[in-house]
Amino acid sequence: MTHAGFIGLGSQGAPMAQRILDAGLPLTLWARRPESLEPFAGTKAEVAATPAELATACDVVGVCVVGDADVEEVVLGASGVLAGLRPGAVIAIHSTVHPDTCRRLGTLAAERGARVVDAPVSGGGPAASQGKLLVMAGGAAEDVERCRPVFSTYGDPIVHLGPLGAGQVTKLLNNTLFTATFGIAASALALGQRLGVEPEAFAEVAGHGSAASFALGRLAASGCDPTRMGAVAGGLLGKDVRLMGSLVDDSPTEDTVAVLAQARVALERMGAPLTTDKE
Numbered sequence: 046m047t048h049a050g051f052i053g054l055g056s057q058g059a060p061m062a063q064r065i066l067d068a069g070l071p072l073t074l075w076a077r078r079p080e081s082l083e084p085f086a087g088t089k090a091e092v093a094a095t096p097a098e099l100a101t102a103c104d105v106v107g108v109c110v111v112g113d114a115d116v117e118e119v120v121l122g123a124s125g126v127l128a129g130l131r132p133g134a135v136i137a138i139h140s141t142v143h144p145d146t147c148r149r150l151g152t153l154a155a156e157r158g159a160r161v162v163d164a165p166v167s168g169g170g171p172a173a174s175q176g177k178l179l180v181m182a183g184g185a186a187e188d189v190e191r192c193r194p195v196f197s198t199y200g201d202p203i204v205h206l207g208p209l210g211a212g213q214v215t216k217l218l219n220n221t222l223f224t225a226t227f228g229i230a231a232s233a234l235a236l237g238q239r240l241g242v243e244p245e246a247f248a249e250v251a252g253h254g255s256a257a258s259f260a261l262g263r264l265a266a267s268g269c270d271p272t273r274m275g276a277v278a279g280g281l282l283g284k285d286v287r288l289m290g291s292l293v294d295d296s297p298t299e300d301t302v303a304v305l306a307q308a309r310v311a312l313e314r315m316g317a318p319l320t321t322d323k324e
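Under my numbering, think of the first position of the sequence shown as 46, with each following residue one higher.
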């Protein structure tokens with residue numbers, strides 16, 4: 046039976062870890078904040094003193110922290126995951142980070158006979174609790190399959206997208222497309238209002254017509270006020286748009302310029318503007 050480790054017990058990571066427990070898999074946890082472990086008191090989950098200690102016990106180590114620096118801290122630190130990782134084990138990066146971060150970690154893990162899979166997720170805490178997260182996996186097919194018993198406890202579907210880094214590219218593109226579409230929807234509502242159609246009314250009609258989209262639905266749910274989305278997700282969406290921009294800075298095309306321009310518009314409407322993609 047696959048022994049799972051999990052680091053990053055926030056609003057999304059905690060229900061992911063709980064799903065692993067509920068499936069009956071052995072689980073070891075580590076958290077930077079002791080209070081994050083409190084919901085797991087009295088359960089069968091073991092708690093490690095360091096990420097390295099966690100890694101020594103585990104076949105698959107899930108990492109679900111916020112950004113690149115956080116991932117590198119828990120994996121590469123003096124007592125990080127890599128220090129205790131045993132041959133044949135896999136690190137699954139669930140955080141949304143630069144694909145090069147995952148590729149670099151993959152090279153370092155390979156020196157220890159271990160592997161890395163990038164597996165960013167989409168759906169948030171509610172989807173995690175229901176076992177319905179979208180898992181976007183990149184890495185060797187056999188490494189993704191090694192992780193599947195863990196991924197399947199909280200993920201459905203699990204999509205293997207290609208070599209290491211492909212999951213992150215897909216997640217960044219997905220979030221950039223969502224942001225751009227949100228910006229177009231907000232602009233359309235503003236145009237309708239200028240022409241005498243109230244935003245709420247237009248959102249209701251468009252939501253039942255050919256212009257319906259997930260982004261429009263989120264905008265309508267926020268009372269047609271994009272700053273509400275900005276307060277909740279502006280920072281994370283901005284991070285992902287910046288990362289997406291860094292992937293195409295050296296080879297801009299009409300397509301990439303158009304998508305990123307609309308994403309910038311959206312972030313401005315959310316009250317979380319970008320000056321450049323490199324910020």
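The beta carbon of each residue, even a glycine, is placed where N, CA and C say it ideally should be.
Quick caveat, the model's predicted, so the values are computed rather than measured.
Exercise. Would you call the stretch 116–126 and the stretch 87–106 in contact, with 3 or more CB pairs under 8 Å?
Worked result: yes
Exercise. Hey, Ile52 and Val110 are a contact pair by Cβ (cut 8 Å); roughly how many whole angstroms apart?
Worked result: 7 Å between Cβ atoms; contact.
Exercise. What residues in its chain sit with their C-beta under 6 Å from that of Met289, if we drop five residues either side in the sequence?
Worked result: Leu217, Thr221
For this session: Provide the residue span of the alpha helix (DSSP H) that contains Val119, from first to last.
Result: 113–121
Exercise. Exposed or buried, Ala186, counting other C-beta atoms within 10 Å across all chains shown (16 or more means buried)?
Worked result: By the neighbour-count rule (16 or more Cβ atoms within 10 Å), Ala186 is not buried but exposed.
Exercise. Given a threshold of 16 other Cβ atoms within 10 Å of its Cβ, counted over all protein chains shown, does Gly268 qualify as buried or as exposed?
Worked result: Exposed, because fewer than 16 other Cβ atoms sit within 10 Å of the Cβ of Gly268.
Problem set entry | Local Cβ density within 10 Å of Val304, reported as buried at 16 or more and exposed below that | buried
Exercise. Just how far apart, CA to CA, sit Gly237 and Val310?
Worked result: 17 Å
Exercise. Just reading off the alpha helix (DSSP H) that Arg327 is part of, what are its end residues?
Worked result: The displayed coordinates of the chain run from 46 to 324. Any statement about residue 327 would go beyond what the structure contains.
For this session: Can you have a look at Pro297 and say buried or exposed, based on whether 16 or more other CB atoms are within 10 angstroms of its CB?
Result: exposed
For this session: Would you list the residues sitting across from Glu91 in a DSSP beta bridge?
Result: According to DSSP, Glu91 bridges with Thr73.
Exercise. When the Cα of Val214 is compared with those of Thr226, Leu234, Val293, Ala86, which residue comes out closest?
Worked result: Val293
Problem set entry | Through-space distance from Ile229 to Leu54, alpha-carbon basis | 34 Å
Exercise. If we ignore side chains and look at the alpha-carbon of each, how far apart do Glu249 and Gly158 end up?
Worked result: Approximately 55 Å, taken between the alpha carbons.
For this session: Under 8 Å Cβ to Cβ from Asp104, same chain only, skipping five residues before and after it: list those, please.
Result: Thr47, His48, Ala49, Gly133, Ala134, Val135, Arg191
Exercise. With Pro202 and Leu179 assumed to form a contact (beta carbons below 8 Å), what rounded beta-carbon distance in angstroms separates them?
Worked result: 6 Å
Problem set entry | Neighbourhood of Glu245 by C-beta, 8 Å cutoff - its chain only, sequence neighbours within 5 removed | Ala265, Gly268, Cys269
Problem set entry | Backbone CA spacing between Thr272 and Ala76 [nearest angstrom] | 32 Å
For this session: Below 7 Å CB to CB, which residues in the same chain sit around Gly169 once its five sequence neighbours on both sides are set aside?
Result: Gln57
Exercise. Going by beta carbon distance, what residues of the same chain come within less than 6 Å of Gly200, once the five residues before and after it are set aside?
Worked result: Leu178, Val180
Exercise. Fully enclosed by the stretch 187–229, which beta strand (DSSP E) runs are 3 residues long or longer?
Worked result: Fully enclosed beta strand (DSSP E) runs of 3 or longer: 200–207.
For this session: Just confirm the distance between the C-beta atoms of Gly316 and Gly262, as a whole number of angstroms; I'd bet it's less than 8 Å.
Result: With 8 Å as the limit, Gly316 and Gly262 do not qualify as a contact, their Cβ atoms being about 20 Å apart.
Problem set entry | C-beta atoms of His139 and Ser291 nearer than 8 Å | no
Problem set entry | Pairwise C-alpha distance: Ala260 and Phe223 | 6 Å
Exercise. For the candidate residues Val277, Asp300, Leu209, Ala306, whose alpha-carbon lies nearest to that of Val286?
Worked result: Between Val286 and the set Val277, Asp300, Leu209, Ala306, the nearest pair of CA atoms involves Ala306.
Problem set entry | C-alpha gap between Ala225 and Met274, whole angstroms | Their backbone Cα atoms lie some 13 Å apart in a straight line.
Exercise. Using the C-alpha atoms, what's the distance from Ala235 back to Gly61?
Worked result: As written in the sequence, residue 61 is Met, which differs from the Gly given in the question. About 39 Å.
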